[in-house]
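Each number in the UniProt record's numbering comes from the position in the sequence shown (counting from 1) with 90 added on.
Ideal placement from N, C-alpha and C gives every residue a C-beta, glycine not left out.
Just so it is clear, the structure is predicted and the values come from calculations on it, not from any experiment.
Okay, structure first, notes after.
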Amino acid sequence: GAEAGGSPSGTQFTAVAPNKEDAVVIPDGYEQAVVIRWGEPLFADAPAFDFDRQTPQAQERQFGFNNDFAGLLPIEGQPNTFLLVCNHEYTTEPFMFKGYDAENPTLEQFQVAVTAHGLSVVQVQGESGSGKLTPAFGQYNRRITANSEFVVTGPAAGSDLLKTAADPTGTKVIGTLNNCSGGVTPWGTVLSGEENFNQYFGNYDKVGDQTAKDRLKRYGFVDGASERKWERFDRRFDLEQEPNEANRFGYVVEVDPWDPASTPIKHTALGRFKHEAATIHITDDGTVVAYSGDDEKFDYMYKFVSSKKMQPGTGQASMRHNMTLLDAGTLYVARLTGNEPSKIDGSGTVPSDNGFSGTGEWLPILKTNEDGKGESFVDGMSAEEVAVFTRLAGDKVGATKMDRPEDFETNPKTGKVYVALTNNDKRGTEGKAPADEANPRNTNKNGQVLEITDEHAGTKFTWTLLLVCGDPQAADTYFSGFDKTKVSPISCPDNLAFDDYGNLWISTDGNALKSNDGLFSVVLEGPNRGETKQFLSVPKGAETCGPIISDARVTVCVQHPGEEDDASADNPASHWPDGGDSQPRPSVVAVWKSGGGRIGV
Ligand code: FEO
Ligand code: CA
Ligand code: CA
Ligand code: CA
């Protein structure tokens, strides 16, 4: 229907209705195909996937598990050919192995899980007349796993806090873990956020040093055995033996996908927390601003502003320079102030006039100089300590406790910055921070989306809530004043993306409205601001992530299909994508308009 668009930047597809299908459901007039599944070979010599006989040797040459972030980088000189770069966030062993015994995992299961983590780089080929993408054994194909070597840069590189028996230099880390979302940089690399790294380490209760123990506590480590029991197989996951190993995870990772032999970087100047992702905005003078959320209930929003400028071009000299941009600059944490506190009346009602809004300030916590040395802005903490125990720095300077900051994305048309605040069911509960204007609901199950007008390289901003998510019929939801009878229900915003026309696209994780997660478009400018429409839904138990919106296709990651209570490989809750009695497999999917044409209109 042409009238649904209204503004020139709007969308005009027919919204998908909430559902519980074991399928990717797309609008009428669109087609879809799987791009790549967990276990598909990335190299000519890699074995075909065999669910019942998976090995670590096979897995480290195959596409990893639980694809979250996806980036598509065009290959110069090869039309319609891209590098697909994906994060593999975590493993769910009961879905990967029949008869899995959670109390007694085997060495081989541990090794498969380690190699199913990390990232994949895989060449994909488009075709004319459709949005289909087909994987190829390209020269850039690569697996990075929890066994791959990383170099540490920034103020924590070489710090005593990062030294272990295996790495007395404190600069060389084996592995990356829990890579959730990320971003493609304008200079052609990929950033990946190490998120819930705490879950891989056991024996917190046996850490001897009380200071170390207190610092670990702020990151949520737990007593005794870890869920996967990795500490039984490798001392690096045993906090009793290697209390510093955990200090080597929780960073923003940068990968140069154009050089399969390159050593990926952990940038400590951006701080250590549960990085959902990192996304880049470049100011007019070439300054790099990297935004990143700490995805935990009551944790903080951060940005890093570079002191160096980006060099244009993709040649080797530019790449070498640009891969140091995140090693010199200032790290800030956000404090927000509402401008009409009286609007929080405890009823959960959202004002329909102009919603909630206010001002904000970026508080500097750490400056990293070009020689790699840091300066702390936090009383009682050294620069190394701010880089490694960044949450404690945020606590000390009085940053604002948010409802789980997930993805940031900057609108390429307006420069406004958007943040998904996914949910926080502990808001306002006993002993916890109560609702405020930026986090306006107690026991917040559905989340909200914040719109920031930022100085980017400066320290001041204003903000407003774009969406207060949930059932549009409920009084506690808000769609920027758009007619709530004409929007899709939306819950638990997680990843954000923009199309080339300034429309925001939101993928969800954890839908609290009892239907499947999905991908939604939101109009931001003009009379239809706030118009929210569901473009697709993912199979039951899955989350939607990694959306990439181009004219030719929507690319989404379908993560953990069938992840429902009591489900396992012995009792699968989903048979997506292959149907019949097959095991569910996390996969990347492309969706395009039948017969071609621009997505969304
Ligand atoms: Fe892995 Fe914050 O989602
Ligand atoms: Ca995820
Ligand atoms: Ca996420
Ligand atoms: Ca999430």
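What residue range does the beta strand (DSSP E) around residue i cover?
i	result
residue 215	208-216
residue 177	171-178
residue 382	377-383
residue 391	391-399
residue 624	622-627
residue 273	269-274
residue 370	369-372
Tell me the DSSP secondary structure of residue i in three-state form.
i	result
residue 608	strand
residue 97	In this predicted model, residue 97 has a pLDDT of only 47, less than 50, meaning its place in the structure is not dependable; the value taken from the coordinates is given anyway. In this structure, residue 97 counts as coil in the three-state DSSP scheme.
residue 138	coil
residue 687	coil
residue 92	Confidence at residue 92 is low in this model, with a pLDDT of 34, below 50, so the placement of that residue is unreliable and no value is reported for it.
residue 362	coil
residue 334	coil
residue 190	coil
residue 284	strand
residue 148	helix
residue 327	helix
residue 572	coil
residue 433	helix
residue 498	strand
residue 642	coil
residue 666	coil
I want to check one thing, is the minimum distance from the CB of residue i to the heavy atoms of ligand 2 below 8 angstroms?
i	result
residue 649	yes
residue 654	no
residue 179	yes
Is residue i close to ligand 4? I mean its beta-carbon at under 8 angstroms from any heavy atom of the ligand.
i	result
residue 559	no
residue 575	no
residue 590	no
residue 496	yes
residue 176	no
residue 584	yes
With which residues is residue i paired in a DSSP beta bridge?
i	result
residue 595	587, 611
residue 357	243, 342
residue 387	493
residue 440	For residue 440, which the question treats as bridged, DSSP gives no partner whatsoever.
residue 232	211
residue 543	552
residue 635	647
residue 130	Paired residue(s): none; residue 130 is not in a bridge.
residue 162	174
residue 454	422
residue 447	554
residue 658	661
residue 121	682
Could you check if residue i belongs to the surroundings of ligand 3, using beta carbon to heavy atom distance under 8 angstroms?
i	result
residue 635	yes
residue 493	no
residue 385	yes
residue 328	no
residue 389	no
residue 158	yes
residue 607	no
Can you tell me whether residue i sits near ligand 1, meaning its C-beta is under 8 angstroms from at least one heavy atom of the ligand?
i	result
residue 271	yes
residue 268	yes
residue 514	no
residue 364	yes
residue 286	yes
Anyone know if the C-beta pair for residue i and residue j falls short of 9 angstroms?
i	j	result
residue 290	residue 363	no
residue 573	residue 393	no
residue 512	residue 582	yes
residue 565	residue 669	no
residue 116	residue 625	yes
residue 533	residue 516	yes
residue 298	residue 258	no
residue 103	residue 691	yes
residue 561	residue 567	yes
residue 676	residue 650	yes
residue 225	residue 162	no
Would you mind reading off the limits of the alpha helix (DSSP H) that contains residue i?
i	result
residue 487	480-487
residue 471	Per DSSP, residue 471 belongs to no alpha helix (DSSP H) and is neither H nor E.
residue 226	Note, residue 226: premise wrong, no alpha helix (DSSP H); beta strand (DSSP E) at 223-226.
residue 183	183-186
residue 301	300-307
residue 424	First-last for residue 424: 419-428, but that is the beta strand (DSSP E), not the alpha helix (DSSP H).
residue 412	406-412
How about residue i: is its C-beta nearer than 9 angstroms to some C-beta of chain B?
i	result
residue 348	The structure shown contains no chain B; it is built from a single protein chain.
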